[in-house]
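*Asks:* If you scroll down you'll find the structure; I have some questions about it.
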Amino acid sequence: MKLLILTIFAIAAASAVENFDGPEWQPIDWANVVPATELPGFWDETVFAQLYPKVSRSRRIVGGHEATPHTHPYQVAQIHQRVILATMCGGSVISPTVILTAAHCPINSQSTTVITGAHNMNVIEPSQQRRTVQSAAYRIHANYNSQNLNNDIATMILPSALTWTNFVAPIALAQANAGTFEDVIGQSTGWGRVADGAGSSPVLRVVTNRIISNAVCAATFGTTVVNHAVICIDTMGGRGTCQGDSGGVLSVNNAGARLQVGITSFGSSAGCEMNFPAGFERVSAQIGWINNNMS
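Right, dumping it as structure tokens:
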């Protein structure tokens, strides 16, 4: 029995060392990290740049509040390594080895540091589990359209499985027959900018908004952008998502648990506090694609 206990202890100790080794555990140089949608030229050739109001900047949490630490164990932060700047996005844990995010987050990056179990991004918390994902492990929708952000969805396959804890756990996904969720209260989470012109939040923030019909959303963005695979929220009162929140979670209450219905995708370049709708990739419309890109 003593031998067994010692063996278990040795394995646990080895795992702890492994978890805190590697480049993903280096402190993050936030001075060289920008939201993915703030890369120079990102929106120049898109239909968004020609709309009024211009609908370009993918969004952050504005008008919300700090989340109770570790009450969103599915929430992921991502740092995408590029030639010059690194970019940040959100995402969600959907299996021990799969992260769900927006296509515009990892595309054209060399590798990604995935951070799970986090609340304060300025510190390395004992609750965190980190993985480095190489670009070969990105699964970006083949029909992703960078001009109108149609099919703005991707999965990233982790090199080793996450361990389920009180701080790291998957979120359930809306299925094909889930309905529109129109007029249901949605919840968005992220570390994005907290106000127009402000910096990103060091702590996870949360905001709630009413989900609106696609017809109402298309009145702002047009049907080229808002198709059946998009779901939108009303941001009246200057409340919603913004730069840095891309790829994150729009969820609804489902019998006391969270159900992911959207992936943060786009918003108005007029400003995150300007009361224009925010758009998300609709999970229920893409559930078949997700199931086919889990490995």
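Heads up: the sequence shown is residues -16 to -1, 1 to 279, going by mature numbering (1 follows the signal peptide of the UniProt record, and there is no 0). Just so you know, even glycine gets a beta-carbon here, dropped at the ideal spot from N, CA and C.
1. Reducing DSSP to helix, strand and coil, say where residue 349 ends up.
2. With a threshold of 6 angstroms on Cβ separation, who are the neighbours of Gly263 within its own chain once the five nearest residues in sequence on each side are excluded?
3. Which residue wins for smallest C-alpha separation from Asn103, given the options Ser130, Ala61, Thr81, Ile83?
4. Would a C-beta distance cut-off of 8 angstroms place Ala86 and Ala138 closer than the cut-off?
5. What does the alpha-carbon distance come out to for the pair Val82 and Thr147?
6. Please name the residue, chosen from Pro186, Thr207, Met105, Val77, that lies closest to Ala145 on a Cα-to-Cα basis.
7. Taking only the alpha-carbon atoms, compute the straight-line gap between Ile63 and Thr97 and give it to the nearest angstrom.
8. Mind checking whether Arg189 and Asp167 have CB atoms under 8 angstroms apart?
9. Using three-state DSSP, classify Gln94 as helix, strand or coil.
10. Just to confirm, is the Cβ distance from Val267 to Gln244 under 8 angstroms?
11. Flag this pair as yes or no: are the beta carbons of Ser230 and His88 separated by less than 8 angstroms?
12. Under 8 angstroms Cβ to Cβ from residue 288, same chain only, skipping five residues before and after it: list those, please.
13. Skipping 5 residues on each side, what residues in its chain have a beta carbon closer than 8 angstroms to that of Asn238?
14. Using CA coordinates, which residue listed in Gly6, Asn127, Ala126, Phe151 is at the minimum distance from Pro53?
15. What's the C-alpha gap between Pro11 and Ala70?
16. Beta carbon of Arg123, beta carbon of Asn277: below 8 angstroms?
17. Taking C-alpha atoms, which residue in Phe260, Gly6, Arg242, Trp273 lies nearest to Arg115?
18. Buried or exposed: where does Ile169 fall if 16 or more other Cβ atoms within 10 Å of its Cβ makes it buried?
19. What's the C-alpha gap between Trp175 and Ser185?
20. How many angstroms separate the CA atom of Val236 from the CA atom of Val17?
21. On the criterion of 16 or more Cβ atoms from any shown chain inside 10 Å, does Val1 qualify as buried, or is it exposed?
*Replies:* To lay it out plainly:
1. Because the chain in this structure spans residues -16 to 279, residue 349 falls outside the shown range and cannot be described.
2. Val214, Cys216, Ser249, Phe250
3. A quick correction: the sequence has His, not Asn, at residue 103. Measuring from the Cα of His103, the nearest candidate turns out to be Ala61.
4. yes
5. 12 angstroms
6. Val77
7. 5 angstroms
8. no
9. coil
10. yes
11. yes
12. One cannot answer for residue 288 here, as it falls past the ends of the chain, which runs -16 to 279.
13. Ala156
14. Phe151
15. 13 angstroms
16. yes
17. Gly6
18. exposed
19. 5 angstroms
20. 30 angstroms
21. With a pLDDT of only 36 at Val1, under 50, the local geometry of the prediction cannot be trusted, and no value is derived from it.
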